[in-house]
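Below is one structure, written out as structure tokens; the observations come after it.
Protein chains in written order, with the working numbering: chain A, 84 to 345; chain B, 562 to 980.
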């Protein structure tokens, strides 16, 4: 009996503390998925052609276009980066188990594939060259040691990341200066890059309040979005969301054309 | 450096006041002050209050050009800094002080920002030490130079550039100057860390950095100093050049590698070795300015196209802030940055090597590439023995040339300009 009273007081105490700090505890078994689609508001921009003037025999065979801003036929924006900003976010056990391993950034057809690669701290990035010409990959990280290795035809090189990067780092090839990619280094698995149709999905998020951060190479951290018809300022690309267990569809997230004038 | 322009009145006033108070006491002579990194500050859109927060912290951590402070965490030697710092003068014993301002500041700037009064006329520009990046060293690409590397640079200068040799200075003086370069570099990198830290603040921090020592020293300064301490362990392990090497055969092998798809030297240094391959790239210092200029131009264009009629008060304020930012950046770029210049790959037929002409120096350059410059590292791709073959081929280039002279003329727009 006495024990029970103590237990009750203790529980109430914890609840009061949680209320006071405004923390909504995620139940350990409650995990959610966020989906959405980035849509371009404005007349669809046409990607400029790239004229390969180095290794023309090989690179000239491919139709190369600027990938700085890729908008699909139905307005979807590719390569928008979405990640969770919270430092101490709880990690879904399946995702925690999958930690480690490598992510590949391929030099293929005289461009990088993918255009934006996401790695977790502790993972390595394999810089591969599937082309028949030599490349180099200049990885301009700030917190991690930057690197710039020759990658011979058919070869590869590995880069490890130990710290997160506040801003996605650019990867370039100095031999073929039109080649550009980005690497996003995050301390957790909660990051996504929008696909060609503008859609993205982040799975296994703990239910509760989280802060997302939105970035695009031309727009930088995205300062304004329109969701469900309402325009919202998102200073430094930060957007608070409440994740419920199960599906959380954000629907269309519209980005005004003016954001990409940079 | 024009203290009268509107930007510096607005944004520099608080700083100058702070610094002037701190550094006063040198009767008559205006006290020297470290110039804040205005390009980074403007890029991060720091407010005047945030700028003075950084300046106050920097003053506490590093002191002034006349009275530098060697915090224990920096691992720097106060006596050496004192010898190098301050205005040029001799003390009671006749010992000469103020070495840095006497010998280096007119090129590298009092702050080590590469913005001394002579700098704009030089090509390449003098090194800006603040990002902590050095090109010619014996350590792995991203690592700091060793003390010996810096001593060597001061003894030999950097051939083919305006960086002179200081071989006539005493060892003690060179040692003090090396310490001072490290000091300026650690200082500059710490300042960059501080200015970048605002971006990461949570909303409830109200735009102010934490004042705790754990943050200011342990997170912002110590990691920079640690990298300098680690330099000696980051030295490139160089296997001896095989003693029984047949030089002619080695040069032939090196030539194949130079032109081959693995090492790919030819892509940048050109079929003729004149440095006329991929020649329109920038090094990191210049590239940073090129990118910022793009951002400023984009923002200006966006502001110009914005229709202000019917705008909400909030949107109008943001629009005005953007215009002010563009205006501010134009001033900053005028006074605090050089006009960007490309870094052409070296002409390898002249036999002038900026990082030293010993075979070992060339080995380092090829193994690690050139930090901060487009030249990539061969490490991991080309085995050590093959690097030695390439070294031998490169060293043979100034004396004879049997490549396909003039075969590839598609990218030689400015070859003539380099002679």
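Positions of the beta carbon are idealized from the N, C-alpha and C atoms, including for glycine.
Owing to the predicted nature of the structure, the values given are computational and were not obtained by experimental measurement.
Beta-bridge partners of residue i, as assigned by DSSP
i, result
"residue 808(B)", "In DSSP, residue 808(B) forms no bridge with anything."
"residue 121(A)", "336(A)"
"residue 314(A)", "309(A)"
"residue 265(A)", "199(A) and 253(A)"
"residue 188(A)", "210(A)"
"residue 624(B)", "629(B)"
Beta carbon proximity, residue i to chain A, threshold 9 Å
i, result
"residue 757(B)", "yes"
"residue 786(B)", "no"
"residue 776(B)", "no"
"residue 960(B)", "no"
"residue 760(B)", "yes"
"residue 773(B)", "no"
"residue 905(B)", "no"
"residue 585(B)", "Reliability fails at residue 585(B), whose pLDDT of 46 lies under 50, so the model's placement of it is uncertain and no value is given."
Within-9 Å CB hit, residue i to chain B
i, result
"residue 106(A)", "The predicted model places residue 106(A) with a pLDDT of 48, which falls under 50 and marks its position as unreliable; any figure quoted below should be read in that light. No, residue 106(A) does not count as interfacial toward chain B."
"residue 321(A)", "yes"
"residue 197(A)", "no"
"residue 102(A)", "Note on residue 102(A): pLDDT 41, under 50, position unreliable in the model; no value is reported."
"residue 223(A)", "yes"
"residue 259(A)", "yes"
"residue 234(A)", "yes"
"residue 118(A)", "no"
"residue 270(A)", "no"
"residue 90(A)", "Residue placement at residue 90(A) cannot be trusted, given a pLDDT of 41 that sits under 50; what the coordinates show is reported in the next sentence. With 9 Å as the cut-off, residue 90(A) does not count as an interface residue toward chain B."
"residue 143(A)", "no"
"residue 112(A)", "no"
"residue 216(A)", "yes"
"residue 126(A)", "no"
"residue 213(A)", "no"
"residue 251(A)", "no"
C-beta contact flag for residue i and residue j at 9 Å
i, j, result
"residue 619(B)", "residue 893(B)", "no"
"residue 213(A)", "residue 867(B)", "no"
"residue 939(B)", "residue 824(B)", "yes"
"residue 958(B)", "residue 831(B)", "no"
"residue 282(A)", "residue 252(A)", "no"
"residue 629(B)", "residue 643(B)", "yes"
"residue 610(B)", "residue 718(B)", "no"
"residue 243(A)", "residue 216(A)", "no"
"residue 200(A)", "residue 266(A)", "yes"
"residue 132(A)", "residue 144(A)", "no"
"residue 343(A)", "residue 286(A)", "no"
"residue 690(B)", "residue 615(B)", "no"
"residue 883(B)", "residue 920(B)", "no"
"residue 815(B)", "residue 906(B)", "no"
Secondary structure of residue i, DSSP reduced to three states
i, result
"residue 132(A)", "strand"
"residue 306(A)", "coil"
"residue 299(A)", "strand"
"residue 893(B)", "helix"
"residue 259(A)", "coil"
"residue 330(A)", "strand"
"residue 206(A)", "coil"
"residue 904(B)", "coil"
"residue 198(A)", "coil"
"residue 163(A)", "coil"
"residue 283(A)", "strand"
"residue 145(A)", "coil"
"residue 961(B)", "coil"
"residue 140(A)", "helix"
"residue 289(A)", "strand"
"residue 943(B)", "coil"
"residue 938(B)", "strand"
"residue 593(B)", "coil"
"residue 242(A)", "strand"
"residue 678(B)", "coil"
"residue 657(B)", "strand"
With 7 Å as the limit, tell me which residues of the stretch 238 to 249 of chain A have their beta carbon closer than that to any beta carbon of chain B; keep them in chain order. Of all residues in the stretch 238 to 249 of chain A, 238, 240 and 249 have a Cβ within less than 7 Å of some Cβ in chain B.
Residues, ordered as in the chain, of the stretch 686 to 697 of chain B that lie near chain A by beta-carbon distance below 8 Å: Contacts with chain A (Cβ-Cβ distance below 8 Å) from the stretch 686 to 697 of chain B involve no residue at all.
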